[in-house]
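Protein chains: 2
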Amino acid sequence: MKAIRIKDHQVRQGDTVDLTSWPTSIDKVYGSKDHYRKILAAHVERLSELQQLQYAANQNAVLLIFQGMDSAGKDGAIRHVMSGVNPQGCQVFSFKHPSATELQHDFLWRTTRNLPERGRIGIFNRSYYEEVLIVRVHRDILRSENIPDRPRHDGHLWQERFRSILDLERHLHHNGTQIVKIFLHLSKEEQRKRFLDRIDQPDKNWKFSQDDIKERLYWEQYRTAYEDCLSATSTDHAPWYVVPADDKKNARLIVSQIVVDTLEALGMRYPELSADRLQELRAIREGLVAEGG
Amino acid sequence: MKAIRIKDHQVRQGDTVDLTSWPTSIDKVYGSKDHYRKILAAHVERLSELQQLQYAANQNAVLLIFQGMDSAGKDGAIRHVMSGVNPQGCQVFSFKHPSATELQHDFLWRTTRNLPERGRIGIFNRSYYEEVLIVRVHRDILRSENIPDRPRHDGHLWQERFRSILDLERHLHHNGTQIVKIFLHLSKEEQRKRFLDRIDQPDKNWKFSQDDIKERLYWEQYRTAYEDCLSATSTDHAPWYVVPADDKKNARLIVSQIVVDTLEALGMRYPELSADRLQELRAIREGLVAEGG
């Protein structure tokens, strides 16, 4: 059992990431199932307070990006960590296969349309990072889906995409959006176990198929793509966190701590009332009190 | 009467623009009203062909941005130049006062949502450039409309916005969007005449008010804002053109020439049929012919 220090999981700007040296499993931050529930509940309650404050302050948007291999626990983390938050202040977008219209635009367009407003938390379950992950592992997607792939780009395509992403995130940072990126780091062995579990569970196996298995063949290619991506795009203002994901509960506690700490660090305050506004409120109170006789 | 060479109107990357040395009025490129109509018709016809080709090739989007002081002729230029183009391949967006939702997002968001798809021409009648023009001249808009304006930005806000714009346009360029930016350069005296005309025309005066006049008071501030903007954001891949606008017909011919030349320069071709596809079409023809007996 150890305390959560989110810095331990942050990829520092400029670091070269070797994922084999980042653990998928660590000493648990909770002692028992009960203890886990208690910590999570505390995090969720604090998160809910902070989101109300964020909504009132209306200065910052927060964008949480979740990435990870299939079964890494993205959906579960989002559900458990964000469930206590008022849905009016929080919106989740899952990015699966792009639509025909989306494919007619540049690779950042479909996610940009769904960026969170100020005062709100936006959650991307997968994101524009897929454009340098799955698209890199399955290079043919680029052509078959008609994304422009002109000769002058071939050598530098991924560097160019990293730059587009860095530019976008800098722009958003300058304009009030705090971005946090979470990579749920799962071992191949733990994925095997989770897949075996799914096959035996009637509420899960109906959507399980050979398609889910085939990406396992590309495990090493994904690792390399993630390493390049994490190395190139983790910045002080929009950091990547590599969260050990072999234990789901542990991962959720770390994720919720990351979100709480990020919101705390924004230093938000409720809008201060001017003397005029205070006077106005006093007058309103007097009127309402008088009305009651 | 002189030939149109669009290079004469292009702001070269790195140039410092002094608008007093860019004419608002030049020798006419047409000899008579009839001659004007002939040239314009030829441009529009060529433009229509090129847009069909663009649609079929489905490789590039084209974004035309129109900026200029009130009455500079943006609407008229768009109407006359683009009227021959199939509306399916061409969409105009006019950006006026932003909505509450738009103001809750970063300053590039509302225009990005409306970027043209590949195969299409998108026209912005005013654009994200207003964010470094009217917002700069009327600095209070920034605060009153709740766009984040945190202390750390104050000294560098416009430079930061220019950078965001340059980054966006580079990204779009790399992903297949050709951007062309047209500043309709009007003299203050010609604006005065056009306003006087409007007041006497029943189809125009109903929407004319003191509001339209008051921006004339800021003429010099706008000039400075435009000069900084044109100097900072004209690039080889997304150039600004300063089009003399005191003569509307002349301006339309120059604008249409710019659009035609831009599309020509993309070097588009109809998709080539592979041997397999040719074989397929031959088989289809044989079937259809046989069906007819």
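In order, the protein sequence lines correspond to chains A and B. The first sequence lines up with residues 560 to 852 when you count with our numbering. The second sequence lines up with residues 560 to 852 when you count with our numbering. No residue lacks a Cβ here, since even glycine has one placed at the ideal position from N, Cα and C.
Worksheet item: How big is the Cα-Cα spacing for B/D795 and A/R828?
Response: 45 Å
Worksheet item: How is the alpha helix (DSSP H) around A/L622 delimited, first residue to last?
Response: No alpha helix (DSSP H) holds A/L622; the beta strand (DSSP E) holding it covers A620 to G627.
Practice prompt. Report yes if the CB atom of A/F652 is closer than 8 Å to the CB atom of A/N619, and no otherwise.
Written response: no
Worksheet entry | Simplified DSSP assignment, three categories, for B/I682 | strand
Worksheet item: If you measure from the beta carbon of A/F654 to each beta carbon in chain B, is any gap under 8 Å?
Response: no
Discussion item. By the DSSP assignment, the alpha helix (DSSP H) with B/Q838 in it spans what residues?
Written reply: A834 to E850
Item to complete: Using only alpha-carbon positions, find the residue among B/E774, B/T660, B/R811 and B/A804 that is nearest to B/L692.
Response: Looking at the Cα atoms, B/E774 is the closest of the given residues.
Worksheet entry | Beta carbon proximity, A/E823 to chain B, threshold 8 Å | no
Fill in: Option in A/Q750, A/E689, A/L847 and A/L840 with minimal Cα separation from A/Q626
Just measuring C-alpha positions, the residue of A/Q750, A/E689, A/L847 and A/L840 sitting nearest A/Q626 is A/E689.
Worksheet item: A/I741: which of A/Y785, A/P675 and A/T660 sits nearest, CA to CA?
Response: Comparing Cα-Cα distances from A/I741 to each of A/Y785, A/P675 and A/T660, the minimum goes to A/Y785.
Discussion item. With a threshold of 8 Å between beta carbons, is A/F666 in contact with chain B?
Written reply: yes
Worksheet item: What does DSSP give as the partner residues of A/K592 in its beta bridges?
Response: Paired residues: none, contrary to the question.
Practice prompt. Tell me the start and end of each unbroken alpha helix (DSSP H) in the region 745–780 of chain A that is at least 4 residues and wholly inside, in chain order.
Written response: 747–759, 761–764 and 769–773
Discussion item. So for A/K740, helix, strand or coil by DSSP?
Written reply: strand
Discussion item. For B/V801, report the span of its beta strand (DSSP E) as first-last.
Written reply: W799 to P803
Fill in: CB contact check: A/E728 to chain B, cutoff 8 Å
no
Practice prompt. Please check the pair B/Q572 and B/G678, which I expect to be a contact at CB under 8 Å, by giving their CB distance rounded to whole angstroms.
Written response: The pair is not a contact, with the Cβ atoms about 28 Å apart (cut-off 8 Å).
Worksheet item: So what's B/G735 in DSSP terms, helix, strand or just coil?
Response: coil
Fill in: Inter-residue Cα distance where the pair is A/K808 and B/P646
If you take the alpha carbons of A/K808 and B/P646, they lie about 54 Å apart.
Item to complete: Starting from B/V651, trace the beta strand (DSSP E) both ways and give me its first and last residue.
Response: C649 to S653
Worksheet item: Nearest-angstrom Cα distance between B/V553 and B/A791?
Response: With chain B represented from 560 up to 852, any question about residue 553 of chain B goes unanswered, as that position is not in the structure.
Worksheet item: Helix, strand or coil: how does DSSP classify A/R605 here?
Response: helix
Worksheet entry | Beta-carbon separation (whole angstroms), B/V818 vs B/L622, contact threshold 8 Å | Incorrect: roughly 11 Å between the Cβ atoms, too far for contact.
Worksheet item: Counting contacts by CB-CB distance shorter than 8 Å, is B/R672 in contact with chain A?
Response: yes
Discussion item. Since B/V576 and B/P798 should fall inside the 8 Å C-beta cutoff, what is the C-beta to C-beta distance between them, to a whole number of angstroms?
Written reply: 12 Å between Cβ atoms; not a contact.
Worksheet entry | Three-way DSSP call (helix, strand, coil) for A/V570 in this model | strand
Practice prompt. Please compile the residues from chain B whose C-beta is within a distance smaller than 8 Å of the C-beta of A/T660.
Written response: E676
Fill in: Classification of A/G590 by the beta-carbon crowding that lies within 10 angstroms, buried from 16 upward
exposed
Worksheet item: Using 8 Å as the threshold, is the region 626–646 of chain B in touch with the region 660–668 of chain B, meaning 3 or more CB pairs across them?
Response: no
Discussion item. By the 8 Å beta-carbon criterion, what residues does the region 621–655 of chain B contribute toward chain A?
Written reply: none
Worksheet item: Using a Cβ-Cβ cut-off of 8 Å (strictly less than) and excluding sequence neighbours within five positions of A/L812, which residues of its own chain qualify?
Response: So the list reads I563, V588, Y589, Y595, I598, L599 and H602, once near-sequence residues are dropped.
Discussion item. Taking the beta carbon of A/F767 as the centre, do at least 16 other beta carbons fall within 10 Å, making it buried, or is it exposed?
Written reply: exposed
Fill in: Closer than 7 Å at the beta carbon, the chain B residues around A/S833
Correct list: empty, because the minimum Cβ distance to chain B is about 14 Å.
Practice prompt. Give a yes or no on whether the C-beta atoms belonging to A/H733 and B/S723 are separated by under 8 Å.
Written response: yes
Discussion item. Between which residues of its own chain and A/Y800 is the CB-CB distance below 6 Å, once the five residues before and five after are set aside?
Written reply: H568, Q569, I741 and I817
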